[in-house]
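Input: a single structure, listed below in structure tokens.
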Amino acid sequence: MSTVPDFHAKIYIAGHRGMVGSAIVRRLESLGYTNLITRTRQELDLINQAEVDAFFETEKPALVYLAAAKVGGIHANNIYRAQFLYENLMIEANIIHSAWKHGVTKLLFLGSSCIYPKLAPQPLQEESLLTGPLEPTNEPYAIAKIAGIKLCETYRDQYGANFISAMPTNLYGPGDNYDLETSHVLPALLRKIHTAKMNGTPSVSLWGTGSPKREFLHVDDLAEGCVHLMDQYDGSDWVNLGTGEDLSIRELAEMICSIVGYDGVLDWDTSKPDGTPRKLMDVSRVNALGWTASIGLRAGIERVYAEVQSTFESA
Ligand code: GFB
Numbered sequence: 086m087s088t089v090p091d092f093h094a095k096i097y098i099a100g101h102r103g104m105v106g107s108a109i110v111r112r113l114e115s116l117g118y119t120n121l122i123t124r125t126r127q128e129l130d131l132i133n134q135a136e137v138d139a140f141f142e143t144e145k146p147a148l149v150y151l152a153a154a155k156v157g158g159i160h161a162n163n164i165y166r167a168q169f170l171y172e173n174l175m176i177e178a179n180i181i182h183s184a185w186k187h188g189v190t191k192l193l194f195l196g197s198s199c200i201y202p203k204l205a206p207q208p209l210q211e212e213s214l215l216t217g218p219l220e221p222t223n224e225p226y227a228i229a230k231i232a233g234i235k236l237c238e239t240y241r242d243q244y245g246a247n248f249i250s251a252m253p254t255n256l257y258g259p260g261d262n263y264d265l266e267t268s269h270v271l272p273a274l275l276r277k278i279h280t281a282k283m284n285g286t287p288s289v290s291l292w293g294t295g296s297p298k299r300e301f302l303h304v305d306d307l308a309e310g311c312v313h314l315m316d317q318y319d320g321s322d323w324v325n326l327g328t329g330e331d332l333s334i335r336e337l338a339e340m341i342c343s344i345v346g347y348d349g350v351l352d353w354d355t356s357k358p359d360g361t362p363r364k365l366m367d368v369s370r371v372n373a374l375g376w377t378a379s380i381g382l383r384a385g386i387e388r389v390y391a392e393v394q395s396t397f398e399s400a
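Residues are numbered in the working numbering as their position in the sequence shown, beginning at 1, plus a constant of 85.
Structure representation (structure tokens):
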């Protein structure tokens, strides 16, 4: 187990412009890591195997955080099904294979809580993987993420590569996507409810029934958890990262109304899908490894709202 971090190690953060990758960069920089390498999409196309391989051959990073992915909320997952499957498979396969080929000593792959079966027992234990059918709206994305876990597992089994996987719950934080068609629920609700308040609209239209339950982790907590696992964990089992607490979408909407100061009516559009009924992580494995989330949901949303309010107003 590598417990003494090397602050000069060359670390590649794939997806550093995304919400997760940028949070990992902030976390590493705040800890004093000095040798971080990043590439924009224009500089390196992660879907292109030859480009990825040439990058690893030239740069030879020691550690890799694989935070690059095509992501989105329930609607984007459901509409762009081919892209979610193809792009995520290619990104993972290219990076994991080249990382092994060019001697990366450790890689952390980021998956998702949607890898677990739609009706798996709650809270979701790591052992539930592949025990039942997936939620149809995000099956392509989930299958790509399961493939990523299996790449890490098989490269470990066959080649002895120290590649680990972490499964984050639903995330929010700085750098989130606020496009109402493609975003996840928390940023969508923040934007819709803020806009309704600013415009004095008496009601706001939200998707589904409001009854599904979700767990939300601030991305700064996630980044702390990822760096902790990179430093402390060398196991073959994937590890859930979450808070261990959930609430209904209706309760989330009510919390956001109270933060934003909106007292209009919530109008539920049941022609839109609910998705999986509940997705609560069992976080006992990561807690036993010495990490626990610290940013409470209300405080986290207040922080994010303070950060994004001005961008909504100018949009
Ligand atoms: O975050 P989200 O889009 O995806 O949340 P999932 C969807 C839930 O929020 C559903 C409700 O129950 C929606 O009916 N909802 C209510 C809304 N209003 C809105 C709205 O305005 N926008 C959105 N987006 N939802 C994702 C997967 O599932 O979870 C991803 O699609 C990923 O692949 C992520 O795994 C963690 O939580 O259902």
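Virtual Cβ for every residue (Gly too), placed ideally from N, Cα, C.
Indicate, with yes or no, if the ligand GFB has a heavy atom lying under 6 Å from the CB of residue i.
i, result
"Pro-208", "no"
"Val-270", "yes"
"Ser-288", "no"
"Asn-255", "yes"
"Ile-159", "yes"
"Asp-323", "Checking the sequence, you will find Trp at residue 323 rather than Asp. No, Cβ of Trp-323 sits at least 6 Å from all heavy atoms of the ligand GFB."
"Cys-342", "no"
"Asn-162", "yes"
"Pro-297", "yes"
"Cys-199", "yes"
"Ala-378", "no"
Going by beta-carbon coordinates alone, are residue i and residue j separated by less than 7 Å?
i, j, result
"Ile-231", "Ile-181", "no"
"Ile-386", "Ile-344", "yes"
"Pro-272", "Tyr-263", "yes"
"Phe-141", "Ser-183", "yes"
"Asn-179", "Gln-134", "yes"
"Asn-162", "Thr-125", "no"
"Ser-250", "Trp-185", "no"
"Met-104", "Gly-258", "yes"
"Ile-132", "Met-175", "yes"
"His-279", "Phe-397", "yes"
"Arg-370", "Ser-321", "no"
"Ala-281", "Gly-349", "yes"
Apply the 10 Å Cβ neighbour rule to residue i and answer buried if 16 or more other Cβ atoms are within range, or exposed otherwise.
i, result
"Arg-383", "exposed"
"Phe-92", "exposed"
"Met-315", "buried"
"Val-393", "buried"
For residue i, I'd like the list of residues in its chain whose CB is within less than 7 Å of its CB, leaving aside the five on either flank, ordered along the chain.
i, result
"Ala-205", "Ser-213, Thr-216 and Gly-217"
"His-101", "Ser-107, Val-110 and Thr-123"
"Glu-136", "Leu-129 and Asp-130"
Which same chain residues, not among the five before or five after residue i, have their C-beta less than 8 Å away from its C-beta?
i, result
"Lys-277", "Leu-265, Val-289, Ser-290 and Leu-291"
"Ile-228", "Leu-170 and Leu-219"
For residue i, which residues of its own chain have a beta-carbon under 6 Å away from its beta-carbon, when the five flanking residues on both sides are left out?
i, result
"Ser-268", "Gly-158 and Asn-262"
Segment contact, 8 Å Cβ cut-off, at least three pairs: the region 290-308 with the region 96-116: yes
Three or more beta-carbon pairs under 8 Å between the region 149-158 and the region 180-198, yes or no? Yes: at least three Cβ pairs fall under 8 Å.
With a threshold of 8 Å, are at least 3 pairs of Cβ atoms found where one atom belongs to the region 346-359 and the other to the region 291-303? The region 346-359 and the region 291-303 touch, with no fewer than 3 CB-CB distances between them shorter than 8 Å.
Does the region 360-377 touch the region 325-338, meaning 3 or more C-beta pairs lie closer than 8 Å? yes
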